[in-house]
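Using our numbering, you'd call the opening residue of the sequence shown number 3 and step up by one each time.
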Amino acid sequence: MREDEIREIVDLVSGKLSEEMKASWPKYIDNLREVMCTLPERQGQREDKIYYGTRHIKVELVDYPENPYRAIYDMVTSTWGNRKEWWDKWGKTTVKGRVLVVLSALSRQTLPQCLECASFTFKIQGLSRAAYDQLARHRHAGIGSVGSRDNNHLDAALIVPNTLKKFSEDIEKWWKITKDLYEKIVTSGQNTWQCARFILPHGMEWRFTWCLNYRGLQDMMAQRLPFHEQFDTVATAWLMWKRLHEKFPLLAAFCRPVCDWARKCVYSKAYSMSELFSCLFKPCGRWPTGGDYTYAEFNEACTHITELERELGFHIPRPHEWDDIVVEAIKKDLKYFEE
């Protein structure tokens with residue numbers, strides 16, 4: 003961009019455009035609105051697509067720190083040291099020592115706030131609104147979610163678990179009737195989108211951008227990677243894990259299901275009265291339970307690991323594999339500790 007173009011943008015944002023400049027800017031604004039789909043004529047055309055399973059979920063890691071391990075090291079070691087020696091501890095520490103400090107932090111054996119200094123932004127699409135609601139409950143995050151109040155969702159797709167394929171004919175009829183009514187409402191006049199959204203189901207396809215610091219990412223994955231969670235919630239969490247592993251294998255190696263940290267099934271007998279107030283499904287079998295689960299209303303876990311692996315297209319770590327994963331991850335990420 004030329005300097006005069008940069009100045010025009012600055013003037014536009016600060017409200018200082020001349021009358022001559024104002025006359026030329028609407029076309030640029032309209033170009034942006036075209037991309038954002040905020041022009042009246044850019045509302046989506048009706049589609050009634052139905053997606054079964056998780057193959058269509060997309061996750062991209064769009065932003066991340068240059069060296070999260072250096073940030074974690076500096077944060078966790080900042081609470082000690084005299085005035086003269088406090089400044090350059092990284093430079094005075096061996097590579098082996100740096101790895102030891104960071105591993106201690108990642109395994110929660112240090113002050114936990116050191117894990118908050120590295121943030122990651124994910125772009126996510128193709129899960130259900132219900133799965134989005136489960137993920138968005140994790141408070142320590144910034145979320146930019148598509149709205150249903152100020153968007154026309156005539157093109158909305160429906161997300162359905164594979165277990166409901168046997169009802170596909172009925173689902174297709176119901177989804178068409180639902181979309182017929184939605185279309186009737188949104189085309190009836192002004193100010194109707196925010197009213198029409200009340201008939202859209204929790205199974206409609208959703209999309210959002212999500213920024214979490216590493217501590218929040220660890221906490222979220224501990225709760226959403228386990229297979230007693232909803233199928234597309236689990237799939238989204240594992241896809242986020244995969245994208246993190248592709249960039250920073252060591253960070254991903256310490257994002258694990260809570261049951262793997264506890265080394266036992268935490269869904270069954272999580273507390274003394276859990277058989278009365280929760281545990282509606284069978285445990286997933288990742289860890290032995292040593293109990294009879296005839297109390298379960300349903301005869302299978304919410305998500306099956308082999309089916310999920312087949313749909314996502316990558317191997318999901320088993321509990322006994324984590325130590326080997328850490329060793330391989332250190333070898334791949336060693337360059338960050340050698341800087």
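Backbone N, C-alpha and C fix where the C-beta goes; we use that ideal spot for every residue, glycine too.
Beta-bridge partners of residue i, as assigned by DSSP
i: G144; result: C213
i: E207; result: S130
i: T123; result: D65 and C213
For residue i, the first and last residue of its enclosing alpha helix (DSSP H)
i: Y134; result: R131 to A138
i: L102; result: V97 to L108
i: L310; result: I307 to L314
i: E174; result: S170 to V188
i: D234; result: F233 to K249
i: I8; result: E5 to S16
i: V329; result: W324 to F339
i: G46; result: Careful: G46 lies outside any alpha helix (DSSP H) and carries neither H nor E.
i: V78; result: P70 to V78
i: W195; result: W195 to A198
i: V268; result: Looking at the DSSP string, V268 is not in any alpha helix (DSSP H), and its letter there is neither H nor E.
i: W92; result: K91 to K94
Buried versus exposed, by CB contacts within 10 Å (16 or more), residue i
i: N215; result: buried
i: G144; result: exposed
i: L310; result: buried
i: K284; result: buried
i: N164; result: exposed
i: M206; result: buried
i: L219; result: buried
i: W177; result: buried
i: H247; result: buried
i: A133; result: buried
i: E68; result: exposed
i: F200; result: exposed
i: V329; result: exposed
i: L253; result: buried
i: V15; result: exposed
i: S270; result: buried
i: D335; result: buried
i: E10; result: buried
i: E339; result: The question names Glu, yet the displayed sequence has Phe at residue 339. Buried, since its Cβ has 16 or more Cβ neighbours within 10 Å.
i: T81; result: exposed
i: L113; result: exposed
i: Q111; result: exposed
Bounding residues of the beta strand (DSSP E) (the contiguous stretch that carries residue i)
i: Y54; result: I52 to Y54
i: E62; result: K60 to D65
i: V162; result: L160 to V162
Contacts around residue i, its chain only, beta-carbon distance under 6 Å, and the 5 residues preceding and following it disregarded
i: E118; result: N215 and R217
i: K51; result: A159
i: K2; result: Because the chain here runs from 3 to 341, residue 2 falls outside it and cannot be looked at.
i: V64; result: T123 and K125
i: P70; result: A120
i: A331; result: P251, L252 and A255
i: V148; result: R209
i: V103; result: Y75
i: E313; result: G55, T56 and R57
i: R151; result: Q196
i: T305; result: F229, F233 and V236
Other residues of its chain near residue i: CB distance less than 8 Å, five sequence neighbours each side excluded
i: A303; result: F229, H230, F283, K284, P285, C286 and G287
i: R245; result: V61, E62, L63 and F124
i: L156; result: Q45, G46, Q47, R48, E49, K181, Y184, E185 and V188
i: W263; result: A224
i: W243; result: M223, L227, A254 and C257
Contact set for residue i: own chain, Cβ-Cβ below 7 Å, skip 5 residues either direction
i: A107; result: I74, V78, C116 and L117
i: I59; result: G128, L129, D234, A237, T238 and L241
i: N154; result: Q45, G46, V188 and W195
i: P319; result: I327
i: C197; result: I187
Contact test: residue i Cβ vs the ligand ZN heavy atom, cutoff 8 Å
i: W92; result: Absence of the ligand ZN is noted for the structure shown, with no ligands found whatsoever.
Beta carbon proximity, residue i to chain D, threshold 9 Å
i: Q225; result: Protein chain content of the structure displayed is limited to a single chain, and chain D is not contained in it.
Any contact between the region 223-233 and the region 245-265? By contact I mean 3 or more CB pairs, one from each, below 8 Å.
yes
Any 3 or more C-beta pairs closer than 8 Å across the region 184-196 and the region 80-95
no
- Message: Would the region 198-210 count as touching the region 115-135 if we require 3 or more Cβ pairs under 8 Å?
- Response: yes
Can you confirm whether the region 164-174 touches the region 50-68 when touching is taken to mean that 3 or more C-beta pairs between the two stretches lie within less than 8 Å?
yes
Open item on the list: For the structure I just gave you, are there three or more beta carbon pairs, one from the region 238-248 and one from the region 96-108, closer than 8 Å?
Closed with: no
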